[in-house]
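Visitor: Residue numbers (my numbering): 1 to 208. Built from N, CA and C at the ideal position, the CB exists for glycine as well. Structure provided below as structure tokens; questions to follow.
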Amino acid sequence: MVNQFNQAHKESDHFLKSQTLIDLVQKALTLVKFESDKIEVLEVGCGQGLNLANFNFSQLLGIDISEEAIYKARQNFNNFEFQCLSSLKLDQIERSFDLILDAHQIHYLQSKDEISQYIRNVFKRLNSGGVFCFEAMVKSKEMLLTDLSVTVLDYLEYEKIVTEAGFRIIYLMLPNGRKIIADKKRRAALSSDPDVLLVIATKEDVAN
Numbered sequence: 001m002v003n004q005f006n007q008a009h010k011e012s013d014h015f016l017k018s019q020t021l022i023d024l025v026q027k028a029l030t031l032v033k034f035e036s037d038k039i040e041v042l043e044v045g046c047g048q049g050l051n052l053a054n055f056n057f058s059q060l061l062g063i064d065i066s067e068e069a070i071y072k073a074r075q076n077f078n079n080f081e082f083q084c085l086s087s088l089k090l091d092q093i094e095r096s097f098d099l100i101l102d103a104h105q106i107h108y109l110q111s112k113d114e115i116s117q118y119i120r121n122v123f124k125r126l127n128s129g130g131v132f133c134f135e136a137m138v139k140s141k142e143m144l145l146t147d148l149s150v151t152v153l154d155y156l157e158y159e160k161i162v163t164e165a166g167f168r169i170i171y172l173m174l175p176n177g178r179k180i181i182a183d184k185k186r187r188a189a190l191s192s193d194p195d196v197l198l199v200i201a202t203k204e205d206v207a208n
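So, in structure tokens, the structure goes:
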């Protein structure tokens, strides 16, 4: 899988920010009031750049499993910090964060167990009152795709995994009609593609 990601990033020099992820973080910032203006952020699966580069965060670290992606990210965003690291090894980061954004890498984990392990590790890396935001592929009623290099769970499975890790979900949305294109060779979504799940979760109860 790592070699596939490296090859994909070697063949592409294009980084496109995800507006849906940016909007999700903006939503989180309206729902959660941080005690300090100095917000430390981790973007997991950053690829060749950072979706949150234009936010006024005090610190922003991007990690990706692909060495090629991190090499290009450092060229594209040379005033930010990047690290080549698997999302399953967050314990190797020697600091904690106020906000962690999963940049569409969660469904590339190889199993439900890996997703559970990852979310538990995210919980451990967050400061008290911290926020976890992610957008994931989830099963749809019309989903016919079987040969996927992704792990597609039901949204209820995600809800259970997140809450069992210790999080409180403050925002969970299945936008009607929105799809994630499972086959990157296509540009248009099909009715058989996975649905979209948007989640904002906090490490503890946070006063609004």
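Determine the direct distance from the alpha carbon of Leu88 to that of Gln117, and round the result to whole angstroms.
Guide: Position 117 of the sequence shown, counting from 1, holds the residue named residue 117. Position 88 of the sequence shown, counting from 1, holds the residue named residue 88. Near 7 Å, if we compare the C-alpha coordinates of Leu88 and Gln117.
Visitor: Quick one: Cα of Lys124 to Cα of Ala189, how far?
Guide: Translated into positions along the sequence shown, residue 124 becomes position 124. Translated into positions along the sequence shown, residue 189 becomes position 189. If you take the alpha carbons of Lys124 and Ala189, they lie about 35 Å apart.
Visitor: Taking Cβ positions, are Leu172 and Glu159 nearer each other than 8 Å?
Guide: Residue numbering aside, residue 172 sits at position 172 when the sequence shown is read from its first letter. Residue numbering aside, residue 159 sits at position 159 when the sequence shown is read from its first letter. Going by C-beta atoms, Leu172 is nearer than 8 Å to Glu159.
Visitor: Residues in its own chain within less than 7 Å of Phe97 by CB, not counting five upstream and five downstream?
Guide: What you label residue 97 is simply residue 97 of the sequence shown in a count that begins at 1. Glu40, Val41, Leu42, Arg125, Leu126, Asn127 and Gly130, listed in sequence order.
Visitor: Alpha helix (DSSP H) containing Ala165: first to last residue?
Guide: Position 165 of the sequence shown, counted from the first residue, corresponds to residue 165. First-last for Ala165: undefined, no H or E at that position.
Visitor: Taking buried to mean at least 16 other C-beta atoms within 10 Å of its own C-beta, is Tyr66 buried or exposed?
Guide: Here residue 66 refers to the residue found at position 66 when the sequence shown is read from its first residue. Here residue 66 turns out to be Ser, not Tyr, going by the sequence shown. Buried, because 16 or more other Cβ atoms sit within 10 Å of the Cβ of Ser66.
Visitor: I think Ile180 touches Val196, with their Cβ atoms under 8 Å apart; what is that distance to the nearest whole Å?
Guide: Position 180 of the sequence shown, counted from the start, is the residue given in the question as residue 180. Position 196 of the sequence shown, counted from the start, is the residue given in the question as residue 196. Between Val196 and Ile180 the Cβ distance is about 6 Å, and since that is below 8 Å, they are a contact.
Visitor: Could you say which of Ile119, Glu94, Gly177 and Val199 lies nearest to Ile161 if we only look at CA atoms?
Guide: The residue labelled residue 161 in the question sits at position 161 within the sequence shown. For Ile161, the nearest C-alpha among the options comes from Ile119.
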